[in-house]
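**Student:** Right, I'll just put the structure down here and ask away after.
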Amino acid sequence: MSPRRPSQQGFSLLEVLVAFAILAVSLGVLLGIFSRATSATIASAQYSQAATLAESLLTLAGQEIALDEGAVSGETDSGFAWELTLVEIDLSAEFPMSEPQARAYRVNANVLWFDAGRARHLTLSTLKLAPLLAGAGR
């Protein structure tokens with residue numbers, strides 16, 4: 335009778351190294367995906383804040399901010415710089431035969447902020463009407 339060799343048990347060193355290499359590559363890919371998802375979530379939150387600020391500025395035009403040609407600007411505590419510009423629109427070309435009953439203004443709300451060293455901006459626009467004062471025709 336020939337002596338029996340013990341059966342090989344466990345994994346070889348090469349198999350263990352290959353398994354760790356596959357694990358390392360997989361974890362690297364997953365971390366990259368999570369990093370991009372986190373960046374996208376932060377950017378989305380910042381755009382949402384900027385849109386809310388711009389909508390608020392458009393609402394203030396004609397209420398707390400007078401409808402006159404010009405620009406108003408400022409900055410929030412959270413790092414958003416904003417500018418509200420009002421430009422009067424001449425309606426006489428559109429309605430040449432009628433006496434104007436109101437003045438029309440194009441109102442632009444521009445919001446600027448920095449995200450990871452990159453400048454980002456958002457612009458919202460609307461039209462607002464201001465009644466003419468009695469005897470203040472063109």
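Number 410 in the working numbering belongs to position 76 of the sequence shown; there are no gaps in the numbering.
Glycine included, each C-beta is placed from N, C-alpha and C at the ideal position.
The model shown is predicted, which means the values in this text are computed figures rather than measured ones.
Looking at C-alpha atoms only, which residue of A415, L418, A438 is the closest neighbour of A426?
**Tutor:** Contrary to the premise, residue 426 reads as Ser rather than Ala in this sequence. Minimum Cα distance to S426 is reached at A438.
**Student:** Would you call the region 342-355 in contact with the region 416-426, where contact means no fewer than 3 C-beta pairs closer than 8 Å?
**Tutor:** These segments do not touch.
**Student:** Report buried or exposed for L391, applying the criterion of at least 16 other Cβ atoms within 10 angstroms of its Cβ.
**Tutor:** Buried, by the Cβ-count rule.
**Student:** Of the choices A353, A377, E403, whose alpha-carbon is the least far from that of V441?
**Tutor:** Minimum Cα distance to V441 is reached at E403.
**Student:** Mind checking A384: buried by the 16 CB within 10 Å criterion, or exposed?
**Tutor:** Buried.
**Student:** Check the C-beta distance from A388 over to A443 and give it rounded, since I have them as a contact under 8 Å.
**Tutor:** Yes, they are in contact, since the Cβ atoms of A388 and A443 sit about 4 Å apart, within 8 Å.
**Student:** Output the distance between the C-alpha atoms of A405 and A436, rounded to the nearest integer angstrom.
**Tutor:** Cα to Cα, A405 sits roughly 20 Å from A436.
**Student:** Should Q380 be labelled buried (16 or more other beta-carbon atoms within 10 Å of its own) or exposed?
**Tutor:** By the neighbour-count rule (16 or more Cβ atoms within 10 Å), Q380 is buried.
**Student:** Could you check which residue in G396, E398, L365, D449 has the C-alpha nearest to that of I376?
**Tutor:** When only C-alpha atoms are compared, the closest one is D449.
**Student:** Quick check: what's the CA-CA separation for A400 versus H455?
**Tutor:** If I take the Cα positions, the gap works out to 24 Å.
**Student:** Provide the residue span of the alpha helix (DSSP H) that contains E349, from first to last.
**Tutor:** Per DSSP, E349 belongs to the alpha helix (DSSP H) from 347-394.
**Student:** Identify, in the order they occur along the chain, each residue of the same chain with its Cβ nearer than 8 Å to the Cβ of E413, setting aside the five sequence neighbours on each side.
**Tutor:** Strictly speaking, residue 413 in this sequence is Gly, with Glu absent from that position. Answer for G413: W447, F448, listed in chain order.
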